[in-house]
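K.L.:
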Ligand SMILES: Cc1ncc(COP(=O)(O)O)c(C=O)c1O
């Protein structure tokens, strides 16, 4: 029989850390663009007995027995995902967004094949060809950037580059680019050079699911994403293809090429995530995420803070700190803001003169603060408090006052006022 005592009795040392992080989550304003707060139901699913099952392979074709309900559950997750976003073939097994991308490359390419993706230092992701990542080590990546004047992707330059490079995959998608992608232009460029179009929608698929953004599944051959960012669910990755054959090749690129048995508790959480994202309330949430980002952007601009591209179409706002204080690095700003209760991350801005580990910008995302329950009024307050803090950098007395205001606001919007399932905190 398993030990059925509650966690604080079994392991007080671990529980002390859990309590502290719950308190941290409940007492700050959360602006890390890739984070969110999963529901009780999602955490119940990820903490369920599905954690116990080994199920290598895919539904109906397993290397282990006892998979009857796992098969049904995985199929439920796949079907819910296709119902939510469209497409022909869904894979819910990737442990993460990075592994979803790995599966696509492994399934469709040979080492040394060419891919055209976005530059990491101008908004792309590590798995889009960074030399420190498997993607840059195994494949021949070329990178497109943004126009130095508009700070937007220049589709004409991208077309010319694609014609010169002749990649097998044109990859659209970003970790820090605050504007819509021109899917029609991406599609026509991929068609012109005979490439597949892949969209890495990790950051924004939740806004697509909530019908607040155009759907890349309508344009791309392959769409990869994470389920824990704007989608607000269990941690992990997923892939949708618009062609069964491509889906089957990528399926093999994931298992057995990249993973063994998948994380069935996470797939359980994804099934619940897709159910939640299909509800009408999720549409309201997705619209609010963007409204909050725009309210913050307008507030920064009114205070004279420069933003990359001058604003936002999505959940991201990229602040160029040099417009507030020439000497303040992204790293120092992020640390200071965390100390006053505003948690975010430092980020390179386009053509950043500083090295990436110091950087000149901070990245703001509104998915988590919106789940906290904040709306435009609080978004404006948050942007004002953040600007106050940046302007007061080094003035400890003033920062202490600002922290009081931040904590007072955050305490009104705790993500988990009652603790979480089975653990009141
Ligand atoms: C665009 C993009 N792709 C992939 C990933 C990787 O996701 P994970 O951290 O789950 O591997 C991220 C995560 O930050 C991302 O922003």
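In our numbering, the protein residues as written are 43 to 467.
Think of the CB as a built atom: it goes at the ideal place given N, C-alpha and C, for glycine as much as any other residue.
Any idea what DSSP makes of residue 416, helix, strand or coil?
P.N.:
Correct three-state label for residue 416: coil.
K.L.:
Can you pull the DSSP bridge partners for residue 385?
P.N.:
72
K.L.:
Go through its chain and collect everything with a Cβ distance to residue 317's Cβ below 7 angstroms, but skip five positions before and after it.
P.N.:
122
K.L.:
With a threshold of 8 angstroms between beta-carbons, can residue 183 be considered close to chain D, or not?
P.N.:
Chain labels in this structure do not include chain D; a single protein chain is all it has.
K.L.:
Whether or not the segment 271–278 and the segment 424–444 are in contact is what I'm after, with contact meaning three or more pairs of Cβ atoms, one per stretch, closer than 8 angstroms; do they touch?
P.N.:
no
K.L.:
Might you give, ordered along the chain, the residues of its own chain that have their beta carbon closer than 6 angstroms to the beta carbon of residue 261, omitting 5 neighbours on each side?
P.N.:
225 and 229
K.L.:
Regarding residue 304 and ligand 1, is the C-beta to nearest heavy atom distance less than 7 angstroms?
P.N.:
no
K.L.:
Buried or exposed: which applies to residue 247, given that a residue is buried once 16 or more other Cβ atoms fall within 10 Å of its Cβ?
P.N.:
Buried is the call here.
K.L.:
When DSSP labels each residue in this structure, what does residue 167 get in the three-state scheme?
P.N.:
It is coil, neither helix nor strand.
K.L.:
Report the partner residues of residue 465 according to the DSSP bridge assignment.
P.N.:
Note: residue 465 sits in a beta bridge opposite 462.
K.L.:
Comparing C-alpha positions only, which one of 364, 343 and 363 sits nearest to residue 354?
P.N.:
343
K.L.:
Can you find the residues in the same chain that come closer than 7 angstroms, C-beta to C-beta, to residue 96, ignoring five residues on each side of it along the sequence?
P.N.:
106 and 303
K.L.:
Terminal residues of the continuous alpha helix (DSSP H) containing residue 285?
P.N.:
Neither: residue 285 is in no alpha helix (DSSP H) and is coded neither H nor E.
K.L.:
Label residue 49 either buried or exposed according to how many other C-beta atoms from any shown protein chain fall within 10 Å of its C-beta, with 16 as the threshold for buried.
P.N.:
exposed
K.L.:
Residues bridged to residue 211 by DSSP?
P.N.:
157 and 238
K.L.:
Within the segment 245–313, note down every full alpha helix (DSSP H) run reaching 4 residues or more, in order along the chain.
P.N.:
247–251 and 286–296
K.L.:
Between residue 279 and ligand 2, is there a pair consisting of the residue's CB and a ligand heavy atom that are separated by less than 7 angstroms?
P.N.:
Ligand 2 is absent from the structure shown, which contains only ligand 1.
K.L.:
Could you check the C-alpha separation between residue 422 and residue 407 for me, to the nearest Å?
P.N.:
14 angstroms
K.L.:
Give the DSSP-derived three-state secondary structure of residue 181 in the structure shown.
P.N.:
coil
K.L.:
Rounded to a whole number of angstroms, what is the C-alpha to C-alpha distance between residue 420 and residue 356?
P.N.:
18 angstroms
K.L.:
What are the boundary residues of the alpha helix (DSSP H) that includes residue 143?
P.N.:
For residue 143, the enclosing alpha helix (DSSP H) stretches over residues 139–150.
K.L.:
Starting from residue 125, trace the alpha helix (DSSP H) in both directions and tell me its first and last residue.
P.N.:
110–127 is the extent of the alpha helix (DSSP H) around residue 125.
K.L.:
Nearer than 7 angstroms: is that true of the beta carbon of residue 242 relative to any heavy atom of ligand 1?
P.N.:
yes
K.L.:
Which residue's Cα is closest to the Cα of residue 181: 196, 56 and 157?
P.N.:
Per the Cα distances, 157.
K.L.:
For the alpha helix (DSSP H) that residue 326 lies in, which residues bound it at each end?
P.N.:
322–344
K.L.:
So who's on the other strand from residue 359, going by DSSP bridges?
P.N.:
Answer is 406, bridged to residue 359.
K.L.:
Just to confirm before moving on: does the CB-CB distance between residue 265 and residue 258 stay below 8 angstroms?
P.N.:
yes
K.L.:
Reducing DSSP to helix, strand and coil, say where residue 349 ends up.
P.N.:
strand
K.L.:
Closer than 7 angstroms: is that where the CB of residue 139 sits relative to any heavy atom of ligand 1?
P.N.:
yes
K.L.:
Where does residue 50 fall in DSSP's three states?
P.N.:
helix
K.L.:
I'd like the list of long-range same chain contacts for residue 72, defined as Cβ closer than 7 angstroms, with 5 residues on each side in sequence excluded.
P.N.:
385, 410, 411 and 414
K.L.:
Would the beta-carbon of residue 356 be found less than 7 angstroms away from any heavy atom of ligand 1?
P.N.:
no
K.L.:
Over the uninterrupted beta strand (DSSP E) stretch that includes residue 132, give me the two end residues.
P.N.:
131–133
K.L.:
Roughly how many angstroms separate the alpha carbons of residue 210 and residue 195, rounded to a whole number?
P.N.:
20 angstroms
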